[in-house]
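According to numbering that gives the first Met the number 0, the sequence shown is numbered sequentially starting from 0.
Ideal placement from N, C-alpha and C gives every residue a C-beta, glycine not left out.
This one's a predicted model, so the numbers in the text were calculated from it and none came from an experiment.
Right, one structure below, let's go through it.
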Amino acid sequence: MTDRKIEMMTHSEIAGLVEGRIRGTDIYLVDVSVKPGNAIQVTVDRPGGITIDECADISRFLNESMDRDTVDYALEVSSPGVGTPFRVRQQYENHIGRGIEVVLKDGGKFEGILDYFDGEILRLVTGGKEKEFALEQIKTTKATISFK
């Protein structure tokens, strides 16, 4: 049995590999999480939603790019799940015209249709009224599902 050198992969190392792979595509990196034991979770998306095949391609690329002889890891590449808080601005852009839930830092909670987003301000249509919020006011934003 050989000794295996186990090193912790850093967030920036994984993010750099993913960014290099998706450069020039409409896929964007949502989040990278590296937990103890090198449990690596990569979340990616694209306008219209990312496919399983695209996630598998990124996973294969990462597996080929990392050396299991020097780094032992578990890898998961997936799309953001419904109900997962937004992490990047592209998620707001992708949800224009769709239902979202906004929780403000002051405790206020609003649900409606995302009508507008300019990178700093979003407009939510709820109950026939428009409400605008600055990103700095927002604690979390999540996509909602309508069962109508």
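Check                                                                                                    : Outcome
Residue range of the beta strand (DSSP E) that includes Phe152                                           : Look at the range of the chain in this structure, 0 to 147, and you will see that residue 152 is not part of it.
6 Å Cβ shell around Ser78 - same chain, five flanking residues per side excluded                         : Asp44, Ile49
Residue burial classification, Asn62 (beta-carbon count within 10 angstroms, cutoff 16)                  : exposed
Start-end ranges of the alpha helix (DSSP H) lying completely within the region 4-49, minimum 4 residues : 10-21
Alpha carbon of Glu92 to alpha carbon of Leu103, nearest angstrom                                        : 19 Å
Straight-line Cα distance separating Leu16 from Ile144                                                   : 33 Å
One or two residues paired with Ala142 in a DSSP bridge                                                  : Ile99
Residues near Ala14 in its chain [Cβ-Cβ closer than 8 Å; skip 5 each side]                               : Leu28, Val31
Reduced DSSP category for Phe132 - H, G, I as helix; E, B as strand; rest coil                           : strand
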